[in-house]
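One structure below.
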Amino acid sequence: MTRDPVAATAKLPAGVEVIHGDFERPETWADALNGVERVYLFSYVDPAPSSGPGFIETAVEASVCRFVVHSAAAAGFEYQGDPEDTTLSAFRRHLAEEREFHRGIERAVEASGAQWTHIRMGLLAAGSDWAEAVRTTGTVRAPFPRSGSSLVHEADVAEIAVAALLTDEHLGAAYTLTGPEMVTQEDQVRAISEAIGKEVTLVELTPEEARTEWHDPAEGMDHEIIDWILEQLEASVRYPGPVPPTDTFERLTGRPPRSFTQWARDHAEDFR
45 MTRDPVAATA KLPAGVEVIH GDFERPETWA DALNGVERVY LFSYVDPAPS
95 SGPGFIETAV EASVCRFVVH SAAAAGFEYQ GDPEDTTLSA FRRHLAEERE
145 FHRGIERAVE ASGAQWTHIR MGLLAAGSDW AEAVRTTGTV RAPFPRSGSS
195 LVHEADVAEI AVAALLTDEH LGAAYTLTGP EMVTQEDQVR AISEAIGKEV
245 TLVELTPEEA RTEWHDPAEG MDHEIIDWIL EQLEASVRYP GPVPPTDTFE
295 RLTGRPPRSF TQWARDHAED FR
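When the count follows the working numbering, it moves up by one through the sequence shown with no breaks and lands on 316 for the last residue.
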């Protein structure tokens with residue numbers, strides 16, 4: 045289901061059926077849900093619409109009997125405080141907002157009467173926004189180069205999601221998926237360099253320099269967002285960071301999670 049079937053068809057493998065649909069346009073849902081019994085539910089859905097049945101309710105009324113929820117590690121965090129509490133740091137407010145948003149979707153699915161599995165992923169390696177800078181300048185400009193995260197390969201998420209959709213082995217489970225180890229920004233740049241066979245330089249920015257370079261209201265990068273990103277990076281300098289590595293993937297598959305080095309090799313063309 046996509047807002048832009050033409051663009052999606054150009055990117056997806058042959059044989060994938062693409063249907064127009066938009067979480068913000070309920071009139072598009074019937075066609076998208078026709079004959080569908082199992083849904084990998086992206087987190088953009090509104091769990092509590094102000095009027096009319098939401099996507100989850102509409103899906104169950106159609107024919108959906110199972111949801112696999114694309115959630116976030118924050119949903120499994122202990123309560124982080126009130127997102128409206130201005131005395132909290134920007135990062136703690138963000139964690140509270142993330143937790144409540146993703147738990148809202150999870151709770152809505154749990155209350156729907158359908159079968160469910162929640163996949164709570166840590167930061168995706170594919171979330172890196174360095175590709176253009178590496179391609180055009182051969183440099184990465186970032187503060188806190190020794191900050192890191194247990195970045196998860198999207199193929200690991202997909203593998204567990206497919207198993208949850210197609211088998212009954214994961215019903216009622218909530219899984220937090222991460223990569224195998226904490227990978228610093230320095231480690232990431234080194235892995236990308238090795239993957240593309242070209243040296244990439246990491247230029248360390250001070251927090252003040254990062255604020256200046258990142259501030260872009262037109263792209264939604266305001267000071268509050270910058271504050272929580274900087275706080276998250278600073279917090280993740282200390283092992284194990286906000287999202288410690290989990291053994292979930294290995295426990296479920298018998299194999300270790302894919303490493304960031306593997307991810308860099310798989311995505312080398314993005315950086316060349």
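Even glycine gets a Cβ: it sits at the ideal position worked out from N, Cα and C.
Since this is a predicted model, take the numbers as computed values, not measurements.
Span of the beta strand (DSSP E) around residue 111: Working through the sequence shown from its first residue, we reach residue 111 at position 67. That run of the beta strand (DSSP E) goes 110–116.
Residues that DSSP places opposite residue 281 in a beta bridge: Locating residue 281 in the sequence shown gives position 237, counting from the first residue. Residue 281 pairs with nothing; no bridge assigned.
Bridge partner(s) assigned by DSSP for residue 138: The residue labelled residue 138 in the question sits at position 94 within the sequence shown. Answer by DSSP bridge pairing: none, since residue 138 is not bridged.
Residue from 281, 246, 118 with nearest C-alpha to residue 163: Against the sequence shown, residue 163 aligns to sequence position 119. When the alpha-carbon of residue 163 is set against those of 281, 246, 118, the nearest one is in 118.
Of the listed residues 258, 223, 252, nearest to residue 285 (C-alpha basis): One-based indexing of the sequence shown puts residue 285 at position 241. Check the Cα spacing between residue 285 and each of 258, 223, 252: the tightest is with 223.
The segment 81–96 / the segment 173–189 touching (three or more Cβ pairs under 8 Å): These segments do not touch.
Exposed unless 16 or more other CB atoms sit within 10 angstroms - verdict on residue 267: Here residue 267 refers to the residue found at position 223 when the sequence shown is read from its first residue. Residue 267 counts as exposed, since fewer than 16 other beta carbons sit within 10 angstroms of its beta carbon.
CB contact flag (residue 165, residue 184, <8 Å): As a working note, residue 165 is residue 121 in the sequence shown. As a working note, residue 184 is residue 140 in the sequence shown. No. Outside cutoff.
Cutoff 6 Å; reference residue 227; Cβ partners in own chain excluding five residues on either side: On the sequence shown, position 183 is the one that residue 227 refers to. Closer than 6 Å at the Cβ level, and outside the excluded window around residue 227, lie 192, 195, 304.
Integer-rounded CB distance, given that residue 225 should sit under 8 Å from residue 246: In the sequence shown, the residue the question calls residue 246 occupies position 202. In the sequence shown, the residue the question calls residue 225 occupies position 181. With 8 Å as the limit, residue 246 and residue 225 do not qualify as a contact, their Cβ atoms being about 19 Å apart.
With 16 other Cβ atoms within 10 Å as the buried cut-off, status of residue 77: Along the sequence shown, one-based indexing puts residue 77 at 33. Under a 10 Å Cβ-count criterion, residue 77 is classified as buried, with 16 or more other Cβ atoms of the shown protein chains found around its own Cβ.
Proximity below 8 Å, CB of residue 91 to CB of residue 152: Indexing the sequence shown from 1 puts residue 91 at position 47. Indexing the sequence shown from 1 puts residue 152 at position 108. The answer is yes: Cβ separation under 8 Å.
Segments of 4+ residues assigned as alpha helix (DSSP H) that fall wholly inside the segment 241–291: List check, alpha helix (DSSP H) in window: 251–258, 267–279.
Spatial distance of residue 126 from residue 120 (CA atoms): Sequence index remark: in the sequence shown, residue 126 carries index 82 (1-based). Sequence index remark: in the sequence shown, residue 120 carries index 76 (1-based). Looking at the two C-alpha atoms, the distance is approximately 16 Å.
Three CB pairs or more closer than 8 Å across the segment 232–243 and the segment 139–151: No, the segment 232–243 is not in contact with the segment 139–151.
The segment 45–65 touching the segment 169–183, judged by at least three CB pairs closer than 8 Å: Result no; under three Cβ-Cβ pairs closer than 8 Å.
Bridge partners - residue 95, DSSP secondary structure assignment: Counted from its first residue, the sequence shown places residue 95 at position 51. Per DSSP, none; premise fails for residue 95.
Nearest neighbour of residue 210, chosen from 105, 81, 167, 292 [CA to CA]: Translated into the one-based positions of the sequence shown, residue 210 becomes position 166. Shortest Cα-Cα distance from residue 210 to any of 105, 81, 167, 292 involves 81.
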